[in-house]
Structure formats: structure tokens, C-alpha cells
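For reference, each letter of the sequence shown is one residue, going 73 to 406 in my numbering. Note that CB positions come from ideal geometry on N, CA and C, so glycine has one too.
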Amino acid sequence: MGKRIAAVVLVLCLSLSGCALKKEEEDATLLGRAAKLGEELALLTVDGREVPAWRYLYWLAFTCDQIREKYKDSGLTLDWEAPVSGGTLADYAKDQALANTALYATVENWAVRYGCVLSETERAALVKTWEEQSAAHGGEEAYLKELAALGLDRVRAEELTEVGMLYAKLYNLCLTEGSELSGLLDGTDSLTVDRILISAGEDREAAREKAAEVFSRLNGAEDPAAAFPVLAAEGDDAAGPRTLLPGDGTLPQALEEAAKALEEGQFSGILESEEGFSILRRLASQGEALAGEAFDRLLQETAEGALVQTTADYDRLDAASFDKALTELRETEE
């Protein structure tokens with residue numbers, strides 16, 4: 073994430089008795105014990121918002137679990153020291169967890185900026201949601217046990233749920249005409265397209281011939297507009313119609329420029345790119361879906377550009393050691 077600055081560690085003068093320290097260790101969840109950190113300690117800040125250690129550790133555990141599952145499914149041996157772009161696999165896990173942490177903190181920062189707070193009715197819904205989730209997991213005791221394996225209790229689980237509810241309120245605000253947030257989306261240069269793709273594969277010339285055949289079928293169709301989605305479904309692009317935002321990487325740049333030149337309802341000729349041969353059709357903008365995509369992109373860009381300051385505790389944290397300790401603790405707790 074850009075603009076990350078390692079903060080100078082603050083010297084905290086704490087007067088804690090041995091008993092207090094022992095109690096803190098006993099009260100710590102699996103996350104704090106695996107990281108050997110105080111879970112309420114401010115581990116980093118995102119645009120000035122302090123983030124307690126448990127929040128980041130939750131996302132680190134989540135990321136490590138995902139990576140572990142992918143390696144297991146592929147039959148590969150997990151090696152946290154394996155080199156990846158910019159560092160090791162362990163470094164990648166830390167960065168991904170930091171990105172998720174920054175995104176959640178950005179939602180909270182936006183909620184403050186745009187005056188989004190949960191109503192009493194919405195807070196009451198949290199209680200109902202808890203009861204429903206508990207019932208779905210075999211009762212409150214069983215549900216709490218499942219959450220404990222994730223390093224959560226009821227308070228923390230509901231705190232994360234609240235962030236999701238704030239996101240929904242912000243999204244609705246962006247759709248409210250005349251609101252301050254909707255103004256950020258004004259003038260978004262976008263377009264909606266569908267695509268027929270014939271992948272180049274190992275035989276580009278064969279793919280070129282197939283693309284020409286498909287294009288001939290499209291032009292010869294009695295209703296090309298109706299034929300296009302049928303031919304697209306037969307092709308190699310399963311995404312279906314999508315809204316493009318400038319430079320979002322959804323399509324190669326050359327294809328994006330070609331799409332911009334089309335009139336609504338018009339389809340292109342055969343366009344060649346590294347992945348194969350495409351035929352594009354420009355569609356009417358998708359209204360609310362477009363605003364939603366623009367909102368998500370703007371939120372993501374804000375999170376990626378946030379000023380994130382980390383403490384020395386964060387800098388010392390090793391994802392491989394954390395994952396190993398967490399795995400052992402989970403096995404012990406079972």
C-alpha cells in the first residue's frame with residue numbers, strides 16, 4: 073500500500089503489576105497469544121484513526137488461512153519464505169492483511185466525514201442478527217466457540233458487522249441525488265460493454281479463423297443484438313456485460329479505447345490482443361450498478377492512498393511465526 077510510513081515507536085510508561093499482566097494473558101484471545109501482543113494496543117493508524125492490534129491480527133489470520141487453503145487445494149507445500157513480487161509470501165500476507173485493515177478503517181473514516189451513524193433500529197438489528205447466527209450455528213455457546221477460533225468474541229464480531237452496515241449506509245448515500253457523497257461520483261467517465269472472446273490459446277491462427285467465423289455469424293444473424301449474448305456465452309469470456317471505469321484494467325487499454333469509440337448498441341470489428349480476439353458491443357449504462365462500481369473503486373483508491381503509520385510492534389510481527397503459533401493454539405483448543 074502506498075504512502076506507508078513506519079512510525080517512531082512511542083515509549084509508554086505503564087505501571088502494571090505482575091497480576092495484571094497475568095490476567096491480560098489469560099483474557100487474550102488466540103490472536104493476541106499467537107502474536108504475543110496486547111490486543112487493544114494501537115498497532116497502526118489509518119489517516120489518523122487508531123487501529124487496535126486485534127483488528128489487524130484478525131485480517132492476518134484470515135489471509136494466512138486463505139493462503140493455506142489455496143496451497144492445500146493445489147497440493148503444494150506451504151513455504152512462507154517463498155519469494156513473491158516485492159518480498160516473501162509472509163510479506164505478502166502482511167501486506168494483504170494491512171490492505172483489508174485500511175479498507176475497514178477508511179469506511180469508518182468516511183462514515184465520520186459524511187455523518188453516517190447507525191440508528192437505534194439498526195443497532196437493535198444487530199441483536200436479532202446475533203440470535204439468528206447463534207441458532208444457525210447450533211446455539212450461542214457453539215457459535216462463540218467458532219468465533220473464538222477466529223480470535224473474536226461477540227463484541228468484536230458485532231464491531232466488524234457494524235462496519236459492514238456503515239458501508240451500506242455510505243453506498244445508499246452515494247445513490248442519493250444531491251448528497252455530498254454522490255457529488256464525488258459526478259462526471260464519472262464510464263461505459264457498459266459485452267464481449268465475445270476467442271482465446272488465442274496455443275494456436276493463434278486457429279483462433280483467428282474461429283473469430284472470423286463467429287463475426288460472420290453475428291453479421292448474418294437476423295437480429296444481431298439478440299445473437300450477441302448467445303455468441304458471447306459460447307466464447308471464452310464468462311464475465312458477461314460489465315461497466316468499465318477509465319483505466320480499471322477490466323479490458324486491455326486498446327480494447328477500452330475501441331469500446332469508447334462505439335455508439336450505444338453498436339458492435340466492433342474483430343480486435344486482436346495478447347489474450348486473443350474480441351468483438352465488443354456497447355450497451356446502455358447500467359445506472360445504479362455503475363454508481364456502485366464507481367463507489368467501490370473510489371473507496372478502494374482512498375484506502376490504497378491512505379496515510380498508514382505503523383508501530384515497532386507491527387514491524388516486528390512475522391506472519392510465518394504468527395501462523396505457526398495460531399495453528400498450534402487452535403489445535404490445543406479443540
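Q: Look at the alpha carbon of residue 156 and the alpha carbon of residue 164, and state the distance between them as a whole number of angstroms.
A: 7 Å
**Q.** Other residues of its chain near residue 397: CB distance less than 7 Å, five sequence neighbours each side excluded
**A.** 106
**Q.** Pairwise C-alpha distance: residue 161 and residue 236
**A.** 29 Å
Q.
Alpha carbons only, please: which of 245, 223, 225, 228 is nearest the one belonging to residue 187?
A. 245
Q) So what does DSSP say about residue 189, is it helix, strand or coil? A) coil
(Q) With three or more beta-carbon pairs closer than 8 Å as the criterion, would you say the stretch 107-123 touches the stretch 166-183? (A) yes
Q.
Restricting to runs no shorter than 3 residues, where is the beta strand (DSSP E) found entirely within the stretch 279-365?
A. 314-316, 343-345, 348-355
Q) Where does residue 96 sit, in a helix, a strand or coil, going by DSSP? A) Any answer about residue 96 is weak, because its pLDDT of 40 lies below 50 and its placement is not dependable; what the coordinates show is given next. In this structure, residue 96 counts as helix in the three-state DSSP scheme.
Q: Assuming residue 352 and residue 265 form a contact by the criterion Cβ under 8 Å, report the distance between their Cβ atoms to the nearest whole angstrom.
A: 5 Å
Q. What separation, rounded to the nearest whole angstrom, lies between the Cα atoms of residue 82 and residue 379?
A. Low local confidence applies: a pLDDT of 22 at residue 82 is under 50, so the model's placement there is unreliable, and no value is given.
Q) Does DSSP put residue 160 in a helix, a strand or coil? A) strand
Q: Would you identify the three-state DSSP class for residue 394, choosing helix, strand or coil?
A: helix
**Q.** residue 382 in three-state terms, based on DSSP
**A.** strand
Q: Report the three-state DSSP secondary structure of residue 269 (helix, strand or coil).
A: strand
Q. Starting from residue 232 and walking both ways along the beta strand (DSSP E), at which residues does that stretch end?
A. Note, residue 232: premise wrong, no beta strand (DSSP E); alpha helix (DSSP H) at 226-246.
Q) Apart from the five residues just before and just after residue 215, which ones in its own chain have a Cβ nearer than 7 Å to its Cβ? A) 205, 206, 209
Q. In angstroms, rounded to a whole number, what distance separates the CA positions of residue 405 and residue 221?
A. 8 Å
Q | Supposed close pair residue 324, residue 355 - CB separation, criterion 8 Å | A | With 8 Å as the limit, residue 324 and residue 355 do not qualify as a contact, their Cβ atoms being about 19 Å apart.
Q.
For a quick check, are the C-beta atoms of residue 394 and residue 148 less than 9 Å apart?
A. no
Q. Closest by CA to residue 190, which one among 340, 239, 370?
A. 239
Q: Mind checking which residues open and close the beta strand (DSSP E) that includes residue 117?
A: 114-118
Q: Using DSSP bridges, identify the partner residues of residue 121.
A: 118
Q) Who does residue 264 pair with in a DSSP beta bridge? A) 315, 355
Q: Output yes or no for whether 9 Å exceeds the beta carbon distance between residue 345 and residue 268.
A: no
Q. In terms of residue numbering, what span does the alpha helix (DSSP H) encompassing residue 219 cover?
A. 212-221
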